[in-house]
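Step one of this worksheet: look at the structure below.
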Amino acid sequence: MTPTRTNDSDPAARAVGRRVLKIEAEAVASLVERLDERFDRAVELLGDCRGRVIVTGMGKSGLVCQKIAATLAATGRPAHFMHPAEALHGDLGMIVEGDVLLAISNSGETDEIVRLLERVRRLGVPIVSLTGVPRSTLARYGDVHVDIGVHREADEFGIVPTASTTAAMAMGDALALACLMRRGLTREDLARYHPGGRIGRRLLAVSTLMHAGDDVPRIRENASLRDAVAEVSRKGLGMTCVVDHEDRLVGVLTDGDLRRHVLAEAAPLAGGVGESMTRKPQTIGPDALAADALHTMEERKITSLPVIDSQSRLLGVIQIHDLWRTELF
């Protein structure tokens, strides 16, 4: 019989949830004080390996390993997950000279992983071990051991892998991001590894979204205001860039600038653009991230940014509406 659903709160369930979250948070926090030179050595081995990081673990640890391998790959460190049981039946061939093995086992005595150790040693592949038992077989076999032990699991009986897997996941993230720092990767580097999805959109370069070529509104600095009105209307971006004879940006003139000038002057279109344009406007480079362009425009309360090169030559214009359409936020 299907139980009746009610809107009544369940304080007992909420209490369990709070207890689990508290135990797992304490498990992760306890790792901070244990970071020492062994962590540094692990980052050195993982970050500097000439091949790939092969991550292996069994059961729930194996699921954590798959996530760690994905995080390493997403941060520019080639990595693959290897199932330890499958490795004993042929997949050991995926490990080659130049790789590093990252092995995770809470007990440090997982049979399939222990059986791998001697074979991996014969290949001359360094082993980074993450275990909850510093005196375990895996800890002793590793070239470097990182302690991920927890005081207790989060379930009532202290059996279900919960706090231990959370601690392993967190340590994997710490290793991956420390490796990223060691290798000096930039956000532009990360963009190459995230071409799709929301992350990819946030890491797009300005040059891929800007209006360029004949779509860029531009006039010379000696042009009339009548020319400026025509250019703003023709290009439809609500502004025009003002350039010198070498196409270097000297200012911008927005439709708001034009309206204010028209309202203030008796002969509003008789003058030149130099009287009304904004000199030394906010600009951005073509290799900057689209997310940075959006932040600048929202912070400055402007809707367009001229895109210039290192010599101040005009390359394009990026507009806030273009960024909104890419769903950067």
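Under my numbering, the residue at position 44 of the sequence shown is numbered 46, and the numbers go up by one with no gaps. We put the beta carbon where it would ideally sit given N, CA and C, even for glycine.
Around Thr112, the same chain offers Met60 as residues with beta carbons nearer than 6 Å, after the five sequence neighbours per side are excluded. In the three-state DSSP reduction, Gly318 falls in the strand class (E or B).
For the set Val22, Ser11, Ala295, the Cα lying nearest the Cα of Arg154 is the one of Val22. When DSSP states are grouped into helix, strand and coil, Ile150 belongs to the coil group. For Glu233, the CB contacts under 6 Å within the same chain, skipping 5 residues up- and downstream, are Pro219, Ile221, Thr242 in chain order. Beta-bridge pairing by DSSP links Val264 to no other residue.
CA-to-CA, the gap between Val309 and Ile115 works out to about 55 Å. About 5 Å separates the Cβ atoms of Val208 and Ile320, confirming a contact at the 8 Å cut-off. About 7 Å separates the CB atoms of Leu325 and Leu211; that is less than 8 Å, so the two are in contact. Restricting attention to Val245, Lys24, Val55, the CA atom closest to the CA of Leu317 is found in Val245. For Ser11, the number of other beta carbons within 10 angstroms of its own is below 16, and it is reported as exposed.
Among the bridge pairs identified by DSSP, Ser226 is matched with Gly274.
Within the region 39-117, the complete beta strand (DSSP E) segments of 3 residues or longer fall at 55-58, 81-83, 102-107, listed in chain order. Ala170 and Pro13 have their C-alpha atoms spaced approximately 30 Å apart.
In this structure, Ala293 sits away from Ile286, with a CB-CB distance that is not shorter than 8 Å. The C-beta of Ser312 has fewer than 16 other C-beta atoms within 10 Å across all chains shown, which makes the residue exposed.
With fewer than 16 neighbouring CB atoms inside 10 Å of its own CB, Ile161 falls in the exposed class. The beta carbon of Thr280 sits closer than 6 Å to those of Gly253, Val254, all from its chain and outside the five residues before and after it, given in chain order. Measuring C-alpha to C-alpha distances from Glu301 to each of Leu119, Ala180, Gln284, Val66 identifies Gln284 as the nearest. Per the coordinates, the alpha-carbon of His85 lies some 26 Å from the alpha-carbon of Ala29.
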